[in-house]
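**Student:** In the numbering used here, the protein residues as written are 77 to 836.
Structure representation (structure tokens):
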């Protein structure tokens, strides 16, 4: 029974796998996939009903339309006979539980909810194991090249100030007092609670016992109204007592101490220290000392001592000079009013003495006696007092969304956080809610644009839902200002910049495209990302035009210069035609025995001597004499040796030389192209003309006009690399024993390391 159970399980596994593969093939656009059945025979996975019916069952096993087995094997009704032990022994999985949730996806995709999805989608978590979407607060997400979710860009008005991606762009720059307007800018005011409105720091409210009396937020709430005698309890209310120093305790004015020689005999703070003890006959020297306790002889007080009064009422000898008598009118003198030395004194005021009593004559500028009490002088500062702003009784009252302030004698409003007085009408207070008003978003002067979208205002930041094809790329108040279909800097999305190497780019219908290539470059792969990637002036696979590859026929090392294939040839071949267009023919000319191009292009043997030939006497690619006549264009005495060299007057010539006759000396001599003979080891070339050392000259290596690649040297008539740099014709290599080694491959003589790492 165990083999039967295993066979049944395998059949069910194949059926389930076929259905899953059919589902994936529909999604990926694949029509059919082949499966291997349990017995090794091929099965076919189509779609729908075909997939169910097309699985080859093992021998003696068939599958009912309802999923049961026939032909004497177990059906659904007797499946209980297949024990857990039997199933375990077969090694077959529990198909319904183990296979149904497994989906095999192609590279670059993963399984989510039973489907294969791209690993480059933030909606399904990029390439992370989970299918949860990439979500960052107040930000957009992207998939990194590593496959991880990443924070892409903060939405307008928010920033990732803590550089922690997991909490997104956590800082609301328009309202965050720790990051107001920009990351790290903290709002702070002395003795006050700060706020951030529209990205600008503002003073929200003063701490208990403190006030902003100068209405200048720079110095915060600068006055401690609980203890400042000039602003006691509220701004502009000063503490003042005649002939005394004052104090402010818990916002209440108190008399601190009397001035010298003045006494507070009635124990009332309101009239200050009302007694001048040096001249007051009722309190002479001290409060209880009276100079006339029994109504007897009238006495006066001088320097705090009772003396017999010699002055008439209303006068006094206040200077102590008996010669001028009672010189002071104590009924009118403000410095000796009622008695000598009693000076009239009122806070912020000019005093007057009338009938021996002190009175207030006038207030100082900016002050007023609003409580009618002369004792505390002109107590109200009409420049700062909200109860008497500009004058007594002129009350500055709070308005909607604002608190009142008195500045330079005029009532002003201090707007609550999130509000502003945009219509300059104090009557309706701070009427504009700048945190949510699209006409005054963040400030009175900022109106959210509706250009190409639907505007909104959130926490003092303009937001907008853009129309199709438009984007809010400047994250400002200009609306959806960017046409995503045409903007090269914002093509399709705000973050997509059309920029490609060696190209002029454009944005067409929201996609980046190349409009023109830089001179000498072409877009041969038709891809935008790598731009005009082919330098057709020097690219061996696109030389002069896309797809025009330099031929390798007879070539030692391919090369492209100035859009023409000027490849370096193997010995015996030359690149003479170099067509500028059409297929390249490589090193098309065989020059081993070519009389007019011997060893190299244009090296014409027929123009040397009386007509030399190429390749005779076994010397390939060099000019030699075929007979004595070829050695004697102007002489008759020269001979041709068996090795193809001319001999003149007993002297063996160099290869390519002929005999000339010196009539003056009546002697023949060897000559190179009519000039002097070559030195030992040199060959006489017709083109390039002159004596060349074919064993060491890299421009004439082994043959006249046969060039080695740049940087190579010629050794014993063979082109060899000269340092690692000479091997680089598109990729790096090493120079070992005169041959280039490219990606562990040792190249043939004259070959270099090409793009891709191979020899060529």
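Note that beta-carbon positions come from the ideal geometry of N, C-alpha and C, so glycine has one too.
Here the structure is a predicted model, which is why all the values come from computation and not from measurement.
1. Relative to the alpha-carbon of residue 275, which residue among 261, 283, 287 has its alpha-carbon at the smallest distance?
2. Would you identify the three-state DSSP class for residue 835, choosing helix, strand or coil?
3. Is residue 433 closer than 8 Å to residue 413 when the C-beta atoms are compared?
4. Reducing DSSP to helix, strand and coil, say where residue 559 ends up.
5. For residue 656, which residues of its own chain have a beta-carbon under 8 Å away from its beta-carbon, when the five flanking residues on both sides are left out?
6. So, for residue 156: in the same chain, excluding its five sequence neighbours on each side, which residues have a beta-carbon less than 7 Å away from its beta-carbon?
7. Between the alpha carbons of residue 332 and residue 510, how many angstroms are there, rounded?
8. Quick check for students: name the residue ranges of the beta strand (DSSP E) that lie wholly in the region 352 to 413, counting only runs of 3 or more.
9. Rounded to the nearest angstrom, what separates residue 265 and residue 288 at their Cα positions?
10. I need the straight-line Cα distance from residue 380 to residue 364, nearest angstrom please.
11. Which value, in whole angstroms, describes the spacing of the CA atoms of residue 102 and residue 226?
12. Is the distance from the Cβ of residue 586 to the Cβ of residue 607 below 8 Å?
13. Determine, using beta carbons only, whether residue 681 and residue 762 come nearer to each other than 8 Å.
14. Could you check where the beta strand (DSSP E) with residue 487 kicks off and where it finishes?
15. CA-CA distance, residue 461 and residue 557?
16. Provide the residue span of the beta strand (DSSP E) that contains residue 845, from first to last.
17. Return the CA-CA distance between residue 820 and residue 634, expressed in angstroms with no decimal places.
18. Taking C-alpha atoms, which residue in 813, 715, 410, 431 lies nearest to residue 421?
19. Does the beta-carbon distance from residue 579 to residue 599 come in below 8 Å?
20. How would you label residue 577, buried or exposed, when you count the other beta carbons within 10 angstroms and need 16 or more for buried?
21. DSSP three-state call for residue 803: helix, strand or coil?
22. From which residue to which residue does the beta strand (DSSP E) around residue 273 run?
23. With which residues is residue 428 paired in a DSSP beta bridge?
24. Please report the distance separating the alpha-carbon of residue 499 from that of residue 205.
25. I'd like to know whether the C-beta atoms of residue 481 and residue 472 end up nearer to each other than 8 Å.
26. Could you give the residue range of the beta strand (DSSP E) that holds residue 323?
27. In angstroms, rounded to a whole number, what distance separates the CA positions of residue 268 and residue 454?
28. Round the Cβ separation of residue 297 and residue 282 to the nearest angstrom and send it over; I've been treating them as touching at under 8 Å.
29. Starting from residue 674, trace the beta strand (DSSP E) in both directions and tell me its first and last residue.
30. Please list, in chain order, all residues of the same chain as residue 611 whose beta carbon is under 7 Å from its beta carbon, the five residues on each side excluded.
31. Could you give the DSSP three-state label for residue 704: helix, strand or coil?
32. Under the rule that 16 or more other beta-carbon atoms within 10 Å means buried, what is residue 515, buried or exposed?
33. Within 10 angstroms of the Cβ of residue 236, are there 16 or more other Cβ atoms? Answer buried if so, exposed if not.
34. Indicate the three-state DSSP secondary structure (helix, strand or coil) for residue 130 in the structure shown.
35. For residue 418, which of 349, 368, 531, 401 has the nearest alpha-carbon?
36. Based on the DSSP output, what are the partners of residue 457 in its beta bridges?
**Tutor:** With the given structure in hand:
1. Residue nearest to residue 275 within the set 261, 283, 287 is 261 (criterion: CA-CA distance).
2. The answer is strand: DSSP assigns residue 835 an E or B state.
3. Yes, the Cβ-Cβ distance between residue 413 and residue 433 is below 8 Å.
4. Correct three-state label for residue 559: strand.
5. Cβ within range, chain order: 620, 639, 640.
6. Residue placement at residue 156 cannot be trusted, given a pLDDT of 34 that sits under 50; what the coordinates show is reported in the next sentence. Once the five neighbours on either side are set aside, residue 156 has no close Cβ partner at all.
7. Distance between residue 332 and residue 510, taken at the CA atoms: about 48 Å.
8. Along the region 352 to 413, the beta strand (DSSP E) occurs as fully enclosed runs of 3 or more residues at 375 to 378, 381 to 384, listed in sequence order.
9. Rounded to the nearest angstrom, the two C-alpha atoms are 11 Å apart.
10. Straight-line Cα distance between these residues: approximately 12 Å.
11. Per-residue confidence for residue 102 stands at a pLDDT of 36, beneath the threshold of 50, marking its modelled position as unreliable; the derived number appears in the next sentence. Rounded to whole angstroms, residue 102 to residue 226 spans 31 Å at the Cα level.
12. Cβ atoms of residue 586 and residue 607: not closer than 8 Å.
13. Contact flag set, yes.
14. Start and end: 486 to 491.
15. For residue 461 and residue 557, the distance between alpha carbons rounds to 49 Å.
16. No answer is possible for residue 845: it lies beyond the span of the chain, which begins at 77 and ends at 836.
17. Going from the Cα of residue 820 to the Cα of residue 634 covers about 20 Å.
18. Comparing Cα positions, the closest option is 410.
19. Residue 579 places its beta carbon less than 8 Å from that of residue 599.
20. Exposed, since its Cβ has fewer than 16 Cβ neighbours within 10 Å.
21. In the structure shown, residue 803 sits in a helix (DSSP, three-state: H, G or I).
22. For residue 273, the enclosing beta strand (DSSP E) has its first and last residue at 268 to 273.
23. 435, per the DSSP bridge assignment.
24. It is roughly 57 Å from the alpha-carbon of residue 499 to the alpha-carbon of residue 205.
25. Against a cut-off of 8 Å, the Cβ pair of residue 472 and residue 481 comes out as a contact.
26. Where residue 323 is concerned, the enclosing beta strand (DSSP E) stretches over 320 to 325.
27. Taking the straight line joining both Cα atoms gives about 30 Å.
28. For a cut-off of 8 Å, the C-beta gap from residue 297 to residue 282 is around 4 Å, short enough to register as a contact.
29. From DSSP, residue 674 is part of no beta strand (DSSP E); its letter is neither H nor E.
30. Here the set comprises 596, 597.
31. If DSSP states are grouped into helix, strand and coil, residue 704 belongs with the helices.
32. The residue in question, residue 515, is exposed, as its Cβ has fewer than 16 Cβ neighbours within 10 Å.
33. It is buried - the Cβ of residue 236 has at least 16 other Cβ atoms within 10 Å.
34. With a pLDDT of 35 at residue 130, under the threshold of 50, the predicted position of this residue should be treated as unreliable, though the coordinate-derived value follows. Residue state, collapsed to three classes: coil.
35. Residue 349 is the option with its Cα nearest to residue 418.
36. In the DSSP assignment, residue 457 is bridged to 443.
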